[in-house]
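Just below is one structure, and these are the notes that go with it.
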Amino acid sequence: MADEHPQPSANGRAIVASSFDLHVHVAPDVMRRLITDTELAARYGDRGLGGFVLKSHYASTAERAEVVRAAVPGVKVLGAITLNGSVGGMNASAVEIAARGGAKLVWMPTVDSLNQRRSLAKDPVGAKPPMWKMLQEELTEQGIASPPVLVLDDDGNVLPEVHSVLRTIARHDIALATGHLSRDEIMVLVDAAVADGVKKIIVTHPEFTSQRLNAADQRILADRGALLERCFTTPYTGKVQWAEMLDNIRAAGPENSFLSSDLGQPFNPPVEDGLALMTDHLVEAGFTGDEIRQMAVINPARLVGEESW
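Each number in the working numbering comes from the position in the sequence shown (counting from 1) with 198 added on.
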């Protein structure tokens with residue numbers, strides 16, 4: 199129930215007015231979600247929020263986002279694609295079609311990344327497991343799970359098909375996100391993306407269990423031009439302590455970070471409350487309103503080409 203979750207303050211809501219959330223999981227989807235995309239767009243309009251990116255681990259959301267924009271004018275609902283097995287893995291053709299359909303963000307493999315498959319990291323006691331874990335187990339039991347989607351060869355070099363994807367992203371000037379890759383994969387991929395002309399690079403939830411990038415690595419990536427994504431659900435579901443995430447923001451700098459919710463799960467707070475709830479934690483920790491707006495409004499808008507919003 200909504201009243202079981204914390205409520206954001208009026209100040210928190212005010213600071214994130216016009217914000218963009220680049221990471222939400224809402225219906226329709228292959229698993230149960232808290233709210234539909236059109237319902238969420240209407241709530242965003244009511245709250246004065248700027249917009250959001252629809253994330254699916256399994257399908258492109260570009261066409262779906264266009265339908266939602268037509269149904270709920272005034273809210274920027276944007277599409278994306280994640281390069282897991284269900285879209286053909288490291289598939290430049292899928293990226294090209296998604297981009298032509300209006301997608302603004304491409305995630306590297308998440309549930310089908312080699313790192314996620316191999317990850318021996320354990321969530322802290324009491325942490326909620328991701329919803330996709332059960333689906334992945336079901337696909338494996340049925341014998342139809344895709345093989346891991348690779349990024350590097352055995353010598354640690356970026357594969358040709360990855361370069362093809364990166365060049366496609368660069369040609370359309372859309373954002374690249376690192377998905378659930380490992381620390382070493384991320385370091386190599388970011389350098390390759392820069393060399394291939396990608397201008398907008400996101401390090402996906404670096405505090406997440408299968409990433410766990412330390413502050414020094416995050417600073418290195420920021421210096422290479424990447425923006426670090428700070429997801430509400432990572433500390434809220436117990437995968438990391440708030441203090442660690444806040445320290446990492448300080449280390450990389452608010453100018454090199456942005457806020458997202460990663461919300462939409464039935465057991466979590468309403469999606470439209472995520473960034474305001476994060477803001478309350480940030481204010482309590484001493485971050486200024488201008489620093490928070492940089493992370494909630496300015497940086498994510500730039501990543502999806504909505505600076506004028």
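Backbone N, C-alpha and C fix where the C-beta goes; we use that ideal spot for every residue, glycine too.
According to the neighbour-count rule (16 or more other Cβ atoms, all chains shown, within 10 Å of its Cβ), is residue i buried or exposed?
i: E470; result: buried
i: Q314; result: buried
i: D488; result: exposed
i: S380; result: buried
i: D353; result: exposed
i: I342; result: exposed
i: D219; result: buried
i: E453; result: exposed
i: P498; result: buried
i: T486; result: exposed
i: A391; result: buried
i: E505; result: exposed
i: S291; result: exposed
i: A268; result: exposed
i: V347; result: buried
i: D460; result: buried
How big is the Cα-Cα spacing for residue i and residue j?
i: N446; j: E339; result: 38 angstroms
i: Q463; j: K331; result: 13 angstroms
i: L501; j: S311; result: 23 angstroms
i: K437; j: A215; result: 27 angstroms
i: T435; j: M329; result: 12 angstroms
i: M199; j: F465; result: Any answer about M199 is weak, because its pLDDT of 46 lies below 50 and its placement is not dependable; what the coordinates show is given next. Straight-line Cα distance between these residues: approximately 8 angstroms.
i: A393; j: N289; result: 19 angstroms
i: Q439; j: E294; result: 38 angstroms
i: L232; j: A413; result: 33 angstroms
i: A296; j: V228; result: 19 angstroms
i: D351; j: L357; result: 6 angstroms
i: P307; j: T402; result: 11 angstroms
i: G377; j: V349; result: 11 angstroms
i: Y242; j: N355; result: 42 angstroms
i: A441; j: H255; result: 29 angstroms
i: V275; j: A449; result: 31 angstroms
i: A325; j: I400; result: 25 angstroms
i: D382; j: V360; result: 15 angstroms
Using DSSP's beta-bridge definition, name the partner residues of residue i.
i: A390; result: Per DSSP, none; premise fails for A390.
i: E453; result: Its beta-bridge partners do not exist; DSSP assigns none.
i: L276; result: V251
i: K398; result: A373
i: W305; result: T280 and A375
i: A225; result: T234
i: S458; result: C429
i: L350; result: V356
What residue range is occupied by the uninterrupted beta strand (DSSP E) comprising residue i?
i: H378; result: From DSSP, H378 is part of no beta strand (DSSP E); its letter is neither H nor E.
i: H403; result: From DSSP, H403 is part of no beta strand (DSSP E); its letter is neither H nor E.
i: D219; result: F218 to V222
i: R428; result: L425 to C429
Only counting the same chain, and skipping five residues up and downstream in sequence, which positions put a Cβ closer than 6 angstroms to that of residue i?
i: Q334; result: V309
i: P467; result: H203
i: T159; result: Any question about residue 159 goes unanswered here, given that the chain covers just 199 to 507.
i: R211; result: A474
i: A483; result: L444
i: L238; result: V224 and V469
i: D321; result: T407 and K437
i: I367; result: V304, L374 and V396
i: L337; result: A343
i: H370; result: A297
i: K398; result: A373 and L501
i: C429; result: H403, S458 and D460
Excluding five sequence neighbours on each side, which residues of the same chain lie with their C-beta closer than 8 angstroms to the C-beta of residue i?
i: E264; result: G277, G299 and G300
i: P206; result: D471, A474, L475, T477 and D478
Beta-carbon of residue i versus every beta-carbon of chain B: anything under 7 angstroms?
i: F485; result: Absence of chain B from the displayed structure is noted, only one protein chain being present.
Could you spell out where the alpha helix (DSSP H) holding residue i opens and where it closes?
i: L333; result: W330 to E339
i: A290; result: A290 to R298
i: T477; result: G472 to E482
i: P498; result: N497 to L501
i: N313; result: L312 to R316
i: A268; result: A260 to A269
i: A215; result: Element bounds for A215: n/a, residue is neither H nor E.
i: Q439; result: It is not in any alpha helix (DSSP H) - Q439 carries neither H nor E in the DSSP assignment.
i: G487; result: G487 to R491
i: R417; result: A413 to D421
Tell me whether residue i, by its Cβ, gets closer than 6 angstroms to a heavy atom of the ligand SAH.
i: E294; result: Ligands in the displayed structure: none, and consequently the ligand SAH is not present.
In chain order, what residues of the same chain lie with their CB nearer than 7 angstroms to the CB of residue i, ignoring the 5 residues before and after it?
i: A208; result: none
i: S408; result: N313, Q314, S317, A319 and H378
i: V270; result: T236, A239, A240 and G243
i: Q492; result: P452 and E453
i: A420; result: L426, A450, G451 and N454
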